[in-house]
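Chemist: So the sequence shown is residues -23 to -1, 1 to 517, counted in mature numbering (1 follows the signal peptide of the UniProt record, and there is no 0). Following this message is one structure expressed as structure tokens.
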Amino acid sequence: MVTKLSILIFVFLSLFSFSFVVSREFGINLNSSASGIEFPQHPSFNVVSSSTNSGCNHVTSTSMLTREEQTSIDTQDEEDFTVFGDQPKEAVKFHLRHRSAGQTTEVKDSVFQSTSRDLGRIQTLHTRVVEKKNQNSVSRLAKDGEKTVISSQFELSGKLMATLESGVSHGSGEYFMDVFVGTPPKHFSLILDTGSDLNWIQCVPCYDCFEQNGPYYDPKDSTSFTNITCHDPMCHLVSSPDPPQPCKTENQTCPYYYWYGDSSNTTGDFALEIFSVNLTTPSGNSEIKKVENVMFGCGHWNRGLFHGAAGLLGLGKGPLSFSSQLQSLYGHSFSYCLVNRNSNSSVSSKLIFGEDKELLKHPNLNFTSLVGGKENPAETFYYVQIKSVIVGDEVLNIPEETWDLSPQGVGGTIIDSGTTLSYFVEPAYEIIKEAFVNKVKGYPLIQDFPILRPCYNVSGVENLEFPSFGITFSDGAVWNFPVENYFIKLDPEDIVCLAILGTPNSAMSIIGNYQQQNFHILYDTKRSRLGYAPAKCADA
């Protein structure tokens, strides 16, 4: 059955209209560079770090708490974590909430926020690629003959699984992960993003911060917070503010600046801290898993539509992401299984770090190659190479070069957890749209319906039938989608619309999280492949 979204259709439409009207009427260029932004002098950029421990062995240990200890965390943050040993134990699964119990959000507000972010995010990702923003110093170090080594003394051990919270309750189309940060541990809800590397949270003192649920993180309240100095090799992994701040003293803090292309950005101090996540073991016991010395940004200036979150947990391919930092503990793969983002609070999405043997035994697990990133090992995005699109068993006449990723990094297709709908580059989108118009029979086509096209009146129809939709990749892999992943029902108007939109010809295409729902998605960076298998994610 097609997923139902009870929304006010006029609000939904006004969102898109607003974006284009603002751009047209007020001359706002959403693709403009951030180079003209003037940042105030960061008062902490020239301070002395309180730490002398700034080695590169950033992930040093994990530990677990019992259910009783977790309960004490929820009620009393001052309770310290108990360390059970240096090496990770048996395979464990993290569980976080899909949606906060008792939390309600107007669906119209959720759609407004998530689709608005989609529009900005597409321009963000494209601009970041074209203007080479957030380039860390890996390339500079390579030119200088230097090498930054990220290592850990621990062997691989099992898997780590967390439950994800739908962003609908926060007014967004993203997924959230609950993390406890510091000692004593404090709870924060972070956006999960495969299109970003840097992990960061809003920090005290917060000079320019967006509204979040709960208090800001205060490094002074944590005994495990450690500043990274500007002389530390780890400082080369982040982009610095423009112009770069001079490193005047031995223990001066390492400043960072991360730009998301639109009005969203974060600036602050690069540091190390303990990140702990709620989990469930194979036996069903609830515990807390903690990872020490996670590199993250302590953000003092933060702007953007982050929908009540305290910050962001990066799952990109670069060395700073949370998934990359856990590779020495859980290997070079992670996966997630996203439930319908409008599901009730009793079901949850899952995020797994490490090899999931059950997924690898799935009879319908398919793989396609991840492409790109050879020229830049710190490349953030996960690119796949589309060859063709199939609608109703017909291979559409879309030139293969439409999907190509240029040597300059322009175009191509990424799979992204932070974008809600899917967006295909012109002229592919127009051809896909027309194919559905020609093949859908039996439902009145709504003429001149703005933004989403085609749309159909399905009043009184119980069992909806639409042409099949699939993607063929250049290596021969095929990804077929259920109808609820590419058509969206707008109630109470009884309107069904194609949940795919277009992007400019020079921009990238994006497979968003709406199209990924109820698929178990595997990112295997060691073998450079993407896996996908149909699943009932609520039962995972």
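Here a beta-carbon is modelled for each residue, glycine too, at the ideal position from N, C-alpha and C. All values derive from a computational prediction rather than experimental measurement.
How would you write the range of the alpha helix (DSSP H) that residue 338 sits in, first residue to last?
Modeler: From DSSP, residue 338 is part of no alpha helix (DSSP H); its letter is neither H nor E.
Chemist: Where does residue 279 sit, in a helix, a strand or coil, going by DSSP?
Modeler: Three-state DSSP puts residue 279 in a strand.
Chemist: Would you mind sorting residue 513 into buried or exposed? The rule is 16 or more other CB atoms within 10 Å of its CB.
Modeler: With fewer than 16 other Cβ atoms within 10 Å, it is exposed.
Chemist: Can the beta-carbon of residue 349 be found closer than 8 Å to that of residue 382?
Modeler: Going by C-beta atoms, residue 349 is nearer than 8 Å to residue 382.
Chemist: Could you give the distance in angstroms between the alpha-carbon of residue 429 and the alpha-carbon of residue 501?
Modeler: Near 34 Å, if we compare the C-alpha coordinates of residue 501 and residue 429.
Chemist: Roughly how many angstroms lie between the CA atoms of residue 341 and residue 250, to the nearest whole one?
Modeler: Taking the straight line joining both Cα atoms gives about 40 Å.
Chemist: Give the straight-line distance between the Cα atoms of residue 6 and residue 481, rounded to the nearest whole angstrom.
Modeler: Legend: pLDDT at residue 6 = 35, less than 50; position of this residue unreliable, value from coordinates given subsequently. The straight-line gap from Cα to Cα measures roughly 15 Å.
Chemist: For the beta strand (DSSP E) that contains residue 179, what are its first and last residues?
Modeler: That run of the beta strand (DSSP E) goes 177 to 179.
Chemist: Determine the DSSP secondary structure at residue -17, reduced to helix, strand or coil.
Modeler: The predicted model places residue -17 with a pLDDT of 39, which falls under 50 and marks its position as unreliable, so this point remains unresolved.
Chemist: Mind checking residue 2: buried by the 16 CB within 10 Å criterion, or exposed?
Modeler: Low confidence applies to residue 2: its pLDDT is 31, below 50, so where it sits in the model is not reliable, and the reading given next is rough at best. Exposed.
Chemist: Could you have a look at residue 510 and say whether DSSP puts it in helix, strand or coil?
Modeler: Looking at residue 510 - three-state DSSP - the assignment turns out to be strand.
Chemist: Taking only the alpha-carbon atoms, compute the straight-line gap between residue 380 and residue 401 and give it to the nearest angstrom.
Modeler: Rounded to the nearest angstrom, the two C-alpha atoms are 9 Å apart.
Chemist: Less than 8 Å between C-beta atoms, sequence neighbours within five positions excluded: which residues of the same chain meet that for residue 421?
Modeler: 433, 434.
Chemist: Assuming residue 478 contacts residue 360 (C-beta within less than 8 Å), just tell me the rounded distance between them.
Modeler: Rounded, the Cβ-Cβ distance is 20 Å, inconsistent with contact.
Chemist: Do you know offhand how far residue 464's Cα is from residue 369's?
Modeler: Rounded to the nearest angstrom, the two C-alpha atoms are 14 Å apart.
Chemist: Does residue 413 come out as helix, strand or coil in the three-state DSSP assignment?
Modeler: Residue 413: helix per DSSP, three-state reduction.
Chemist: Please state if the CB of residue 408 and the CB of residue 390 are separated by a distance shorter than 8 Å.
Modeler: No.
Chemist: Check whether the Cβ atoms of residue 184 and residue 278 lie closer than 8 Å to each other.
Modeler: A contact, by the Cβ cut-off of 8 Å.
Chemist: Report the rounded CA-to-CA distance for residue 170 versus residue 372, giving the unit in angstroms.
Modeler: Straight-line Cα distance between these residues: approximately 32 Å.
Chemist: Have a look at residue 456 and residue 396 and give me their C-alpha separation to the nearest angstrom.
Modeler: Cα to Cα, the separation comes out at about 19 Å.
Chemist: Out of 280, 426, 376, which has the shortest C-alpha to C-alpha gap to residue 180?
Modeler: If we check each option's Cα against that of residue 180, 280 comes out closest.
Chemist: By how many angstroms is the C-alpha of residue 227 removed from the C-alpha of residue 334?
Modeler: Each residue's alpha carbon lies about 47 Å from the other.
Chemist: Around the C-beta of residue 200, are 16 or more other C-beta atoms found within 10 angstroms, so that it is buried, or is it exposed?
Modeler: Residue 200 should be labelled exposed.
Chemist: Starting from the C-beta of residue 287, find all residues in its chain whose C-beta is less than 8 Å away, skip the five residues before and the five after it, and write them out in chain order.
Modeler: If we look at residue 287 and ignore the five residues flanking it on each side, its Cβ neighbours are 165, 166, 167, 178, 179, 189, 190, 191, 193, 194.
Chemist: Just reading off the beta strand (DSSP E) that residue 235 is part of, what are its end residues?
Modeler: First-last of the beta strand (DSSP E) with residue 235: 231 to 236.
Chemist: Measuring straight from C-alpha to C-alpha, what distance separates residue 374 and residue 440?
Modeler: When rounded, the distance between both Cα atoms is 30 Å.
Chemist: Please confirm whether any heavy atom of the ligand MG lies closer than 7 Å to the CB of residue 356.
Modeler: This structure does not include the ligand MG; it has no bound ligands of any sort.
Chemist: Check residue 372 in the structure and name its three-state DSSP category.
Modeler: Strand at residue 372.
Chemist: Just to check my reading of the structure: residue 399 and residue 491 have Cβ atoms closer than 8 Å, yes? What is that Cβ distance to the nearest angstrom?
Modeler: Yes, residue 399 and residue 491 are in contact; Cβ-Cβ is about 7 Å, under 8 Å.
Chemist: According to DSSP, is residue 272 part of a helix, a strand, or is it coil?
Modeler: DSSP places residue 272 in strand when its eight states are reduced to three.
Chemist: For the stretch 435 to 508, list the beta strand (DSSP E) runs that are entirely contained and at least 3 residues long, ordered along the chain.
Modeler: The qualifying runs are 446 to 450, 455 to 458, 464 to 468, 472 to 475, 477 to 480, 486 to 488, 496 to 501.
Chemist: To which residues of the same chain is residue 476 closer than 8 Å at the C-beta, ignoring the five residues directly before and after it?
Modeler: Once the five neighbours on either side are set aside, the close Cβ partners of residue 476 are 398, 399, 429, 462, 463, 464, 465, 491, 492.
Chemist: For residue 248 and residue 497, I'd like the C-alpha separation in whole angstroms.
Modeler: Approximately 33 Å between the Cα atoms of the pair.
Chemist: Mind checking residue 182: buried by the 16 CB within 10 Å criterion, or exposed?
Modeler: Exposed is the call here.
Chemist: Would you decide whether residue 204 is buried or exposed? Buried here means 16 or more other CB atoms lie within 10 Å of its CB.
Modeler: Buried, because 16 or more other Cβ atoms sit within 10 Å of the Cβ of residue 204.
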